[in-house]
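K.L.:
These protein sequence lines are chains V and R, in that order. Throughout, this note's numbering is defined as the position within the first sequence, counted from one, plus 375. Throughout, this note's numbering is defined as the position within the second sequence, counted from one, plus 1109. All C-beta atoms, glycine included, are put in the ideal place defined by N, C-alpha and C. To start, I am sharing the structure in question, which I have written as structure tokens.
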Amino acid sequence: MNTRVGRALFGVAVAIGLEACATIRSSSVPLAGPLPAADVAAVRVTALDAPPQARELGMVQVHGASTTIEALIGRFVQGVARLGGDLAKIDSIDTRFEAHEQEQTVGYDCGTEQAPQTCSRTESVTIEVPTTRVLGRAFSSRRTP
Amino acid sequence: MTRLFALALGVTLTACATTETHRVMVGPGAPRFSGPVAVVLDGAPLPGEFEEVAIVQAIGKNGHDDLEHVVEGLRREAAALGCDAVIRVKVDQGSSLASATGVAVRTRLIGREEQVRR
Chain V
376 MNTRVGRALF GVAVAIGLEA CATIRSSSVP LAGPLPAADV AAVRVTALDA
426 PPQARELGMV QVHGASTTIE ALIGRFVQGV ARLGGDLAKI DSIDTRFEAH
476 EQEQTVGYDC GTEQAPQTCS RTESVTIEVP TTRVLGRAFS SRRTP
Chain R
1110 MTRLFALALG VTLTACATTE THRVMVGPGA PRFSGPVAVV LDGAPLPGEF
1160 EEVAIVQAIG KNGHDDLEHV VEGLRREAAA LGCDAVIRVK VDQGSSLASA
1210 TGVAVRTRLI GREEQVRR
């Protein structure tokens, strides 16, 4: 295989590997009596104030490294639905940055003009990883019987 | 050869400087807004009446990891959704990355301007 193509493929494989590592963790704390889980599709999202008649059901937090707000808020909505809520109120979105050491294989020319050869070595590089957290609450806008 | 390598490296680094934007729709979008988009920092007084349209995020990398680029990213994203303001803006700064989030809104002012045009 052509060395350049090989290096490019390796880079793509590393990128895919890093993307696959982007996991999202979700946690919630119910603050009201248990309610049956709601339909995720029926959950409305707001970053503003919840209506005064809405009933607070619990706190929800999701966080993940190197991920997007689309993915995080999607998981946040699932957490709200699990608590029986139909209104997902986002209270804050924060991002923190951490330096991570990462091993990376680098190719270099180690042959001669007469006998070209490519060798590889492993280097440690520091990369900055953003971790974003979405914190909010689950509300029910349904009237209590 | 060394000069060529330096040139290639420079081009590559410049190409890597990006501001990527993301959005989560929470209200109805509208045609692009062409006027200036106001930016209201988190904790600052909010404009009178407004309609919530989307939660927006801008991430600046490498050469774009600064306030100017991420705030511009939020403005661009909001304008594309027909919004004239981004409220509750919060910026988190790293050493080679910057992230800004906010809520894209449509104030009542846009509605009035549209009525005047008609």
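1. Over the uninterrupted alpha helix (DSSP H) stretch that includes R:A1189, give me the two end residues.
2. Closer than 8 Å, Cβ to Cβ, to anything on chain R: give me those residues from the stretch 494-513 of chain V, in chain order.
3. Output yes or no for whether 8 Å exceeds the beta carbon distance between V:F451 and V:G511.
4. Considering only the beta carbon of each residue, do V:I468 and R:H1131 sit closer than 8 Å?
5. Under three-state DSSP, which class holds R:L1118?
6. Quick one: give me the first and last residue of the beta strand (DSSP E) that V:G449 is part of.
7. Could you please give the first and the last residue of the uninterrupted beta strand (DSSP E) stretch that includes V:T480?
8. Would you kindly work out how many angstroms separate the C-alpha atoms of V:L393 and R:H1178, rounded to a whole number?
9. Touching or not, the stretch 1191-1208 of chain R and the stretch 1155-1175 of chain R, by the rule of three or more beta carbon pairs under 8 Å?
10. Does V:T470 come within less than 8 Å of chain R when only Cβ atoms are used?
11. Taking all protein chains shown into account, do 16 or more other C-beta atoms lie within 10 angstroms of the C-beta of V:T497, making it buried, or fewer, making it exposed?
12. With the cut-off set at 8 Å, would you say R:A1257 and R:G1182 are in Cβ contact?
13. Within its chain, find whatever has a CB closer than 8 Å to the CB of V:H438; leave out the 5 residues flanking it on each side and keep chain order.
14. In whole angstroms, give me the CA-to-CA distance for R:T1121 and R:D1174.
15. For the stretch 415-426 of chain V, which residues have a CB atom closer than 9 Å to at least one CB atom of chain R, in sequence order?
16. Measure from the alpha carbon of R:P1137 to the alpha carbon of each residue in V:T421, V:P405 and V:P411, then state which is nearest.
17. Around the C-beta of R:Q1166, are 16 or more other C-beta atoms found within 10 angstroms, so that it is buried, or is it exposed?
18. Which residue or residues does DSSP assign as beta-bridge partners of R:D1201?
19. Please report the distance separating the alpha-carbon of R:T1186 from that of R:V1149.
20. Give the secondary structure of R:V1146 by DSSP, where H, G and I count as helix, E and B as strand, and everything else as coil.
21. Inspect the CB distances between the stretch 459-468 of chain V and the stretch 483-494 of chain V and report whether three or more fall short of 8 Å.
22. State yes or no: is the beta carbon of V:I444 nearer than 8 Å to at least one beta carbon in chain R?
P.N.:
Looking at the coordinates:
1. It spans L1176 to A1189 - the alpha helix (DSSP H) in which R:A1189 sits, taken as one unbroken run.
2. Within the stretch 494-513 of chain V, the qualifying residues are E503, P505 and T507.
3. Yes. Within cutoff.
4. For V:I468 and R:H1131, no; Cβs fall outside 8 Å.
5. Reliability of the predicted coordinates at R:L1118 is poor, the pLDDT of 48 falling under 50, and the value obtained from them is presented with this limitation in mind. Of the three classes helix, strand and coil, the one that applies to R:L1118 here is helix, per DSSP.
6. V:G449 -> not in any beta strand (DSSP E); alpha helix (DSSP H) instead, spanning I444 to R457.
7. Per DSSP, V:T480 belongs to the beta strand (DSSP E) from L462 to D484.
8. Residue placement at V:L393 is flagged as unreliable, the pLDDT there being 46, under the threshold of 50; a coordinate-derived value is accordingly withheld.
9. With the cut-off at 8 Å, the stretch 1191-1208 of chain R and the stretch 1155-1175 of chain R touch.
10. Closer than 8 Å: yes.
11. With fewer than 16 Cβ atoms within 10 Å of its Cβ, V:T497 is classed as exposed.
12. Because chain R in this structure spans residues 1110 to 1227, residue 1257 of chain R falls outside the shown range and cannot be described.
13. So the list reads I399, R400, L447, T506, T507, R508 and V509, once near-sequence residues are dropped.
14. For R:T1121, the pLDDT reaches just 48, beneath the cut-off of 50, and the residue's location in the model is therefore unreliable, although a value from the coordinates is still provided. Whole-angstrom Cα-Cα distance: 16 Å.
15. Along the stretch 415-426 of chain V, the positions whose C-beta sits under 9 Å from a C-beta of chain R are R419, V420, T421, A422 and L423, read in chain order.
16. For the options V:T421, V:P405 and V:P411, the alpha carbon positioned closest to that of R:P1137 is the one of V:T421.
17. Classification of R:Q1166: buried, given that the 10 Å Cβ count is 16 or more.
18. In the DSSP assignment, R:D1201 is bridged to R:S1208.
19. It is Glu, not Thr, that sits at residue 1186 of chain R in the sequence shown. Taking the straight line joining both Cα atoms gives about 15 Å.
20. In the three-state scheme derived from DSSP, where H, G and I count as helix and E and B as strand, R:V1146 is classed as coil.
21. Verdict: no, contact absent.
22. Judged by the 8 Å Cβ criterion, V:I444 is in contact with chain R.
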